[in-house]
Amino acid sequence: MVKSVVGEENFIDMQPNRSNNYCCGGGGGFLQSGFKDERLQYGKLKDDQIKATGADYCIAGCHNCHAQIHELSEHYGGNYPVVHLWTLICLSLGILGPNEREYLGDDLKEVNVFHPETAM
Amino acid sequence: MAEAVIKLGKKKARSLFIDKVKEILPEGGNLNACLTCGACSSGCPATGLRDMDPRKFLRMAALGMDEEIAASDWPWMCTMCQRCIYVCPMKIDIPQLVFNARALRPREERPKGILGSCDMALKNDTTSAMGTTEEDFEFVVEDVLEEYREAQPEFADMEAPIDKEGAEFFLNQNSREPVTEPDELVPLWKILHLAGVNWTYGSKGWAGENYCMFLADDDAWKHVTKTSVDQANKLGVKTYLNTE
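Going line by line, the protein sequences match chains A and B. One point on numbering: in the working numbering, the residue at position 98 of the first sequence is 98, and numbering is uninterrupted. Just so we're on the same page, the working numbering is the position in the second sequence counted from 1, plus 120.
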């Protein structure tokens with residue numbers, strides 16, 4: 001799915017991947033547990049993995065992952081944009097409006113905007 | 121000197137935490153089968169937090185150190201991602217041990233954020249951890265849909281139904297989208313529309329998050345899940361789509 005959206009050559013999987021991959025630390029209630037320092041320390045492994053790919057964007061599969069990885073990106077200074085898959089699917093289809101781009105980086109903010117006149 | 125340090129004598133005195141967990145898991149969760157190889161700990165992102173790791177946690181349980189386990193905050197730092205089971209040669213269900221350890225302390229002493237989110241979900245049949253009511257959800261969905269149908273005429277026929285009977289898919293939604301970033305609802309609606317998918321939200325049980333599960337409050341967890349599933353069944357949908 002991701003490859004069909006961003007193009008085969010633009011997809012860089014992290015290592016280790018699939019079932020050997022690491023949890024980002026956003027799940028299990030960790031986001032609401034109050035143990036922020038520990039949560040960020042837990043996520044260091046994930047942030048290192050993401051940075052090692054050299055990719056410009058990270059796609060998160062669910063809302064908890066998105067919130068956690070987005071915070072990791074800022075906390076550890078990588079500042080890579082973290083996006084939902086639905087955002088990239090709509091961008092690739094040319095139907096992503098100006099108000100649906102909250103998590104896109106500056107490089108894609110203005111690309112192929114659907115009904116740009118409706119920007120708010 | 122050894123008996124001053126290693127206290128195994130109390131093991132038979134009472135029912136151990138690990139034995140109770142074994143009783144409720146298929147094959148006892150293989151909790152007796154640990155080879156102490158440490159594969160679990162070597163690949164666990166929670167290793168080292170609070171001087172704990174999965175192997176140590178299991179060994180403490182096996183040694184009957186129930187009080188120490190109950191006092192540890194570490195079970196709240198494990199996301200129960202199950203990687204430890206995946207790499208374990210004996211397929212030991214450490215995440216279930218961790219989950220049940222969360223219930224060892226009184227409900228009101230569990231992390232406030234998780235507790236508050238669960239209690240909030242119990243207030244409305246929406247099961248929203250942010251306390252969103254049926255009316256508020258309906259207003260946001262209809263308002264956003266109307267706005268986009270007008271602004272983007274290619275999607276004038278797009279739908280975002282609530283309680284549509286006989287739909288193919290019942291879709292849930294994280295509360296954060298309708299409450300704090302409603303524009304983020306739209307891309308998914310567009311994809312479903314273009315794919316010709318027959319779907320619906322439920323006025324009850326639309327919220328995808330379930331902090332009662334994370335709280336290890338089994339009755340409340342069941343209530344939240346049942347509220348959503350009952351609504352899906354009432355509408356006669358064929359497939360439940362979980363977006364969380």
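Glycine residues also receive a C-beta, built at the ideal position from the N, C-alpha and C atoms. Quantities reported herein were computed from a predicted structural model and do not represent experimental measurements.
Extent of the continuous beta strand (DSSP E) to which residue i belongs
{"i": "B:Y360", "result": "359-361"}
{"i": "B:F289", "result": "289-291"}
{"i": "A:A60", "result": "58-60"}
For residue i, the three-state DSSP class (helix, strand or coil)
{"i": "A:V83", "result": "strand"}
{"i": "B:T300", "result": "helix"}
{"i": "B:A336", "result": "coil"}
{"i": "B:W319", "result": "strand"}
{"i": "A:I95", "result": "coil"}
{"i": "B:I138", "result": "helix"}
{"i": "B:A181", "result": "helix"}
{"i": "A:A67", "result": "helix"}
{"i": "B:A280", "result": "coil"}
{"i": "B:A249", "result": "coil"}
{"i": "B:A327", "result": "strand"}
{"i": "A:V113", "result": "coil"}
{"i": "B:M200", "result": "coil"}
{"i": "A:M1", "result": "coil"}
{"i": "B:S192", "result": "coil"}
{"i": "B:D350", "result": "helix"}
{"i": "B:L151", "result": "coil"}
{"i": "A:Q32", "result": "helix"}
{"i": "B:L242", "result": "coil"}
{"i": "A:E74", "result": "helix"}
{"i": "A:N20", "result": "helix"}
Euclidean distance between Cα positions of residue i and residue j
{"i": "B:G148", "j": "A:D107", "result": "53 Å"}
{"i": "B:A276", "j": "B:Q216", "result": "48 Å"}
{"i": "B:N244", "j": "B:T156", "result": "46 Å"}
{"i": "B:K354", "j": "A:G54", "result": "48 Å"}
{"i": "B:N220", "j": "A:H84", "result": "32 Å"}
{"i": "B:E228", "j": "B:A190", "result": "14 Å"}
{"i": "B:K211", "j": "A:Y22", "result": "18 Å"}
{"i": "B:L291", "j": "B:L308", "result": "11 Å"}
{"i": "B:L335", "j": "B:T167", "result": "21 Å"}
{"i": "A:S19", "j": "A:D56", "result": "23 Å"}
{"i": "B:G85", "j": "B:M197", "result": "Nothing about residue 85 of chain B can be read from this structure; chain B reaches only from 121 to 364."}
{"i": "B:G163", "j": "A:L96", "result": "38 Å"}
{"i": "B:L145", "j": "B:W319", "result": "36 Å"}
{"i": "B:T363", "j": "B:A124", "result": "53 Å"}
{"i": "A:I69", "j": "B:L169", "result": "19 Å"}
{"i": "B:V261", "j": "B:P298", "result": "7 Å"}
{"i": "A:S73", "j": "B:V207", "result": "28 Å"}
{"i": "A:K109", "j": "B:R179", "result": "51 Å"}
{"i": "A:K46", "j": "A:C24", "result": "6 Å"}
{"i": "B:I234", "j": "A:G28", "result": "10 Å"}
{"i": "A:I89", "j": "A:F30", "result": "29 Å"}
Residue i: CB within 6 Å of a non-hydrogen atom of the ligand PLP
{"i": "A:A119", "result": "Among the components of this structure there are no ligands whatsoever, and the ligand PLP is therefore not found."}
Below-7 Å beta-carbon distance, residue i vs any chain A residue
{"i": "B:V299", "result": "no"}
{"i": "B:T199", "result": "yes"}
{"i": "B:P165", "result": "yes"}
{"i": "B:P307", "result": "yes"}
{"i": "B:A315", "result": "no"}
{"i": "B:D303", "result": "yes"}
{"i": "B:I311", "result": "yes"}
{"i": "B:P120", "result": "Outside the shown range of chain B, which is 121 to 364, sits residue 120 of chain B, and nothing can be said about it."}
{"i": "B:N292", "result": "no"}
{"i": "B:E262", "result": "no"}
{"i": "B:E364", "result": "yes"}
Closer than 7 Å to chain B by CB, residue i
{"i": "A:S124", "result": "Outside the shown range of chain A, which is 1 to 120, sits residue 124 of chain A, and nothing can be said about it."}
{"i": "A:C65", "result": "no"}
{"i": "A:L202", "result": "The requested residue 202 of chain A does not occur in the structure, where chain A is confined to residues 1 to 120."}
{"i": "A:H115", "result": "yes"}
{"i": "A:G78", "result": "no"}
{"i": "A:N99", "result": "yes"}
{"i": "A:G190", "result": "The requested residue 190 of chain A is not part of the displayed model; chain A covers only 1 to 120."}
{"i": "A:F11", "result": "no"}
{"i": "A:C58", "result": "no"}
{"i": "A:I50", "result": "no"}
{"i": "A:S4", "result": "no"}
{"i": "A:I89", "result": "yes"}
First and last residue of the uninterrupted alpha helix (DSSP H) at residue i
{"i": "A:I50", "result": "36-53"}
{"i": "B:L309", "result": "A small correction: the amino acid at residue 309 of chain B is Trp; Leu does not occupy that position in the sequence shown. Taken as a continuous stretch (DSSP letters only), the alpha helix (DSSP H) holding B:W309 covers 306-314."}
{"i": "B:P215", "result": "214-222"}
{"i": "B:R230", "result": "Careful: B:R230 lies outside any alpha helix (DSSP H) and carries neither H nor E."}
{"i": "A:I12", "result": "Note, A:I12: premise wrong, no alpha helix (DSSP H); not H, not E."}
{"i": "B:K211", "result": "Segment: none, B:K211 is in no alpha helix (DSSP H) and carries neither H nor E."}
{"i": "A:D106", "result": "106-109"}
{"i": "B:S161", "result": "159-162"}
{"i": "B:R170", "result": "Premise fails: B:R170 is in no alpha helix (DSSP H) and is neither H nor E."}
* Assess, as a yes-or-no matter, whether the region 248-264 of chain B is touched by the region 166-177 of chain B under the definition of 3 or more beta carbon pairs within less than 8 Å. => no
* Asked: With a cut-off of 8 Å, do at least 3 Cβ pairs link the region 233-242 of chain B to the region 327-334 of chain B?
  -> yes
* Asked: Between the region 319-328 of chain B and the region 263-282 of chain B, do three or more beta carbon pairs fall short of 8 Å?
  -> yes
* To do: Examine the Cβ distances between the region 296-310 of chain B and the region 260-276 of chain B and report whether three or more of them are shorter than 8 Å.
  => yes
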